[in-house]
Structure formats: C-alpha cells, structure tokens
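Visitor:
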Amino acid sequence: MSANISNRVFLARLAGTAVFDPNGDPVGKVRDAVATLRTNNQPPRILGLVVEVPLRRRVFVPITRVTSIESGTVVITGLVNMRRFESRAGELLVLGDLLDRSITLLESDEPVVVEDLGMEQNRTGDWLITRVHIMKRGRGIRRKGATSTVAWEEVHGFAAPENEQGASNLLSTLSNLRAADLAAVIQDLAPKRRLEVARALDDERLADVLEEMDEAERVALLSELEGERAADVLGEMDPDDAADLLREVGEERAQELIDLMEPEDAEDVIRLMTYEDYSAGGMMTTEPLIMSADYTVADALAAVRQSEISPALASQVFVTRQPLETPTGRFIGMVHYQRLLREPPATLLGSLVDTDTQGLSPEATLNEVSSYLASYNLLSVPVVDANDRLLGAVTVDDVLDHLLPDNWRIDHRDHTRTDLENITHEVEGQV
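Per this note's numbering: the sequence shown = residues 13 to 443.
1. Helix, strand or coil: how does DSSP classify Ala398 here?
2. What do you get for Asp44, buried or exposed, if any count of 16 or more other CB atoms within 10 angstroms of its CB means buried?
3. Measuring CA to CA, which of Ser363, Asp409, Arg351 and Thr332 is closest to Gly371?
4. Please state whether the Cβ-Cβ distance between Ala324 and Val408 is less than 7 Å.
5. Determine the DSSP secondary structure at Leu26, reduced to helix, strand or coil.
6. Comparing C-alpha positions only, which one of Thr79, Ala195, Val87 and Pro74 sits nearest to Pro38?
7. Ignoring anything shorter than 3 residues or poking outside the stretch 127-199, list the beta strand (DSSP E) runs there in chain order.
8. In whole angstroms, what separates the C-alpha of Tyr287 from that of His348?
9. Using 8 Å as the Cβ pair cut-off and three pairs as the minimum, do the stretch 181-201 and the stretch 57-71 touch?
10. Span of the alpha helix (DSSP H) holding Gln267?
11. Please state whether the Cβ-Cβ distance between Leu117 and Val124 is less than 7 Å.
12. Could you check where the alpha helix (DSSP H) with Ala212 kicks off and where it finishes?
13. Output needed for His437: all residues of its chain with C-beta closer than 6 Å, excluding positions within five of it in sequence on either side, in chain order.
14. For the beta strand (DSSP E) holding Glu248, just list the boundary residues, first then last.
15. Give me the Cβ distance between Glu216 and Glu268, rounded to the nearest whole Å; I'm assuming they're in contact under 8 Å.
16. DSSP three-state call for Met295: helix, strand or coil?
17. When you compare the CB positions of Ile75 and Trp139, do they come within less than 7 Å of one another, or not?
18. Keeping to the same chain, check which residues put their C-beta closer than 6 Å to that of Ala292; ignore five residues upstream and five downstream.
19. Quick check on the burial criterion: 16 or more other C-beta atoms within 10 angstroms. Buried or exposed for Tyr307?
20. Count the C-beta pairs between the stretch 253-268 and the stretch 231-245 that are closer than 8 Å, then say yes if the count reaches three, no if not.
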C-alpha cells in the first residue's frame with residue numbers, strides 16, 4: 013500500500029468521494045464500505061469499497077486495490093470487476109448497516125447512536141474499524157447530546173441485528189444524490205434498513221424515489237408504509253405515476269389508499285385509473301403547463317422556469333379557454349418554448365399559438381402516441397376528449413417508460429455497457 017493513505021479515514025465523510033485510476037481518469041464515486049465483524053468484539057476488518065460507476069452500477073473494489081485516500085480523492089489500481097455488487101453472508105455495509113445504530117458504552121452502560129466510523133491500517137496492511145464517533149442521548153430541551161470518538165472496544169451492540177436504528181446520518185451522506193441514484197442505493201439495502209430509510213425521507217423526496225424504483229420493489233416498499241403516510245406520498249407523486257403504482261398494489265389496497273388521499277389529489281388519480289395503462293389516457297400527466305390566450309410571454313417563461321417542471325413539460329405551454337385545470341375549456345393549441353424565447357415579453361400567447369397540433373384521444377395506443385411524437389419532433393403531446401377539452405399531456409419520458417421492458421431499471425444497472433468495459437480496460441493492467 014502507498015504511503016499516500018491517511019492514517020485514519022472516517023467512512024461517512026468518505027461517501028461521495030471521487031475515485032480515479034492511476035492515470036487520473038475518473039472511475040466513479042465511493043458509496044459505502046464492506047466490512048466483516050470479528051469475534052470477541054475485535055475491530056471489524058474492511059474488505060473493500062462499494063463504488064458507483066457510470067449507469068448507476070455499484071461494484072466492489074477490494075481494499076487492497078486502494079493506493080491513495082487524500083485530498084478528497086481515492087486512487088485505485090488493478091482490474092475493476094464490473095459485476096454488480098451484492099453483499100455476501102457475514103458481510104456488512106458500514107454506512108448501510110452500522111451507521112445510526114443504537115449501541116451501548118461499556119463503561120457506563122449508556123445508550124449512544126453511531127454517527128460515523130473510522131478505519132485505520134495496521135502494520136500488516138489490513139484496514140480495521142478502530143474508532144466510532146458517537147452521540148449521547150440529549151437531555152431536557154437539548155435536541156442533540158454530546159458527541160465524542162471512542163475506540164471500537166469501548167462499545168458493544170453492533171452484532172445485535174434487531175437493535176434500534178435511525179437513518180439521519182446515512183441520509184446525510186446521500187443528500188446530494190438524484191432521485192434515480194438514491195433509488196438504486198435504497199434497493200440494495202436490506203428490507204428492514206430500506207424501510208427505515210424510507211420512513212426518514214420527507215414525502216416529496218420519497219415520492220421522487222418511488223417513481224424511479226423497479227415495480228416490484230416500490231410495491232413492496234409502499235405496502236410496508238402506514239396507510240396515511242403512503243397516501244401522503246402518493247399525493248406528492250405525479251398523478252400518472254401514482255395511478256400506475258396503485259394499479260400494481262391490488263384493488264383493495266388501492267381503494268384504501270385513495271380514501272386516505274386528499275380529495276383533489278385522489279380525483280386526478282381516479283380519473284387516470286379509468287384508462288388502460290398503455291393508452292394515452294393511462295400514460296398522461298394531468299398537470300401540464302396550461303394558460304389562456306391573454307397570458308403574456310413573460311408569464312409563460314416564469315412558469316417554465318419553475319424547478320419542479322420537468323424538461324419535457326417545460327418544452328411547451330398548452331393554451332386553452334377557461335377553466336385552466338384539467339379537464340379544461342376548449343383546447344386552442346400550443347406555444348413552443350423556443351418561440352417564447354424569440355418574442356418580446358409583453359406579447360400575448362394568443363398571437364403565437366400553434367393551432368396545427370391536434371390532440372390525441374385518451375384511447376390512443378402507445379404506438380399511436382410514440383409515432384405522433386416522432387413525426388412532429390415533440391417532447392409532449394396533448395390529450396383531449398370528444399369536446400376538445402384538454403385532459404392532460406403525454407411526455408416522451410412517459411412513452412419511454414412504457415416502451416422499455418418491465419425490468420429495464422434492473423437491466424440499466426446490471427448489464428455491462430460499452431462505456432463500462434472501456435473503464436475496465438483503462439484500469440486493468442495498472443498493478
């Protein structure tokens with residue numbers, strides 16, 4: 013091992029650190045470390061790091077391949093096995109399984125919570141978890157107790173699988189992940205830990221994560237949440253995604269959750285569930301950008317700038333008569349984002365509207381919707397009823413979700429792609 017490795021490394025702080033090969037080319041980011049407990053409360057041995065490489069694949073890098081940990085970077089050498097990481101019997105994820113654990117100080121028998129764990133390299137080159145950063149229980153009006161760093165031998169309770177475990181420290185290491193990346197991390201956790209993390213997320217963040225999870229995984233997770241919490245999360249999801257999820261949980265459970273949802277959230281979801289899943293009505297969102305003809309370009313651009321609006325929905329504004337909530341008044345047409353950028357701010361949308369784009373029926377098939385988007389180079393297409401009222405819009409990402417096979421998210425993470433192979437070739441042979 014190189015002398016460039018710091019003597020002590022705290023693993024929660026290491027999460028998210030960039031990983032490079034010896035040539036300085038990026039490989040991925042550290043997401044966790046793998047350890048194995050030893051008998052007689054001896055410090056656990058670190059076996060390796062879990063590194064996330066492109067396409068959200070999490071792979072195992074043996075600790076013996078790590079040559080440098082310093083200045084916010086990790087350098088590795090040798091061949092990287094691109095097989096997706098799966099923990100084996102007797103192995104623990106340091107952040108996933110040990111962080112936030114409730115343990116006990118041996119000297120005082122006082123309960124404490126794990127905030128971080130420090131590893132050090134011994135004389136034989138092994139990496140061991142030798143330090144535990146803990147927080148004592150707060151007293152009185154204090155929200156947090158005192159913190160300190162103690163030796164591994166000064167605490168016990170890590171081996172008890174059913175110990176109480178929160179999720180605040182783990183989530184702090186994952187706070188900057190996009191929803192799709194966080195979903196990939198959560199799916200790799202043990203079911204009990206996965207539920208603990210889900211309960212610790214706020215409703216909006218959990219809704220975003222559920223939209224990115226595999227079908228079976230999100231159904232299983234939703235079934236573990238209390239009814240009112242599950243209903244609140246569904247209310248934060250895009251109506252079309254919530255409707256898709258409710259179709260998957262079973263009729264009885266779906267009705268129970270709909271009854272617990274806010275009436276206005278439930279109304280949109282119920283309406284979407286009346287359509288076939290692979291129809292325009294079943295795929296559409298009921299919340300596109302809708303304005304009347306007397307709105308200005310400045311109004312439209314202000315709406316497009318909202319961070320919660322997806323790029324596909326922000327690509328055009330749908331112009332209708334009042335009312336402006338779906339189902340709206342008569343659909344007039346669309347104004348494309350690029351057209352908005354070319355016009356003076358005070359220009360009325362009614363003078364810019366493209367009336368050539370006709371809406372699709374909610375019964376239109378997946379093939380009809382995808383062909384329409386491709387033919388007219390659109391990112392979203394309006395869905396209208398027999399009276400030309402706007403019901404919603406189908407975006408290109410909705411279509412892709414339905415065109416791809418059911419297990420595409422698993423394939424996305426598990427199948428080796430050309431760029432991953434290129435990374436392997438760049439790293440191998442550097443021993």
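Even glycine gets a Cβ: it sits at the ideal position worked out from N, Cα and C.
Guide: Looking at the coordinates:
1. coil
2. buried
3. Thr332
4. yes
5. helix
6. Val87
7. Those beta strand (DSSP E) runs which fall completely within the stretch 127-199 and span 3+ residues are 139-148 and 159-163.
8. The straight-line gap from Cα to Cα measures roughly 28 Å.
9. yes
10. Per DSSP, Gln267 is one residue of the alpha helix (DSSP H) stretching across Glu263 to Leu272.
11. yes
12. For Ala212, the enclosing alpha helix (DSSP H) starts and ends at Pro203 to Ala212.
13. The predicted model places His437 with a pLDDT of 43, which falls under 50 and marks its position as unreliable, so this point remains unresolved.
14. It is not in any beta strand (DSSP E) - Glu248 instead sits in the alpha helix (DSSP H) that spans Gly239 to Glu248.
15. Wrong, their Cβ atoms sit about 22 Å apart, outside the cutoff.
16. Met295 falls in the helix class under three-state DSSP.
17. yes
18. Leu372, Pro374, Ala376, Val381, Val395 and Val406, listed in sequence order.
19. Counting C-beta atoms within 10 angstroms of its own C-beta, Tyr307 has 16 or more neighbours from the protein chains shown and is therefore classed as buried.
20. yes
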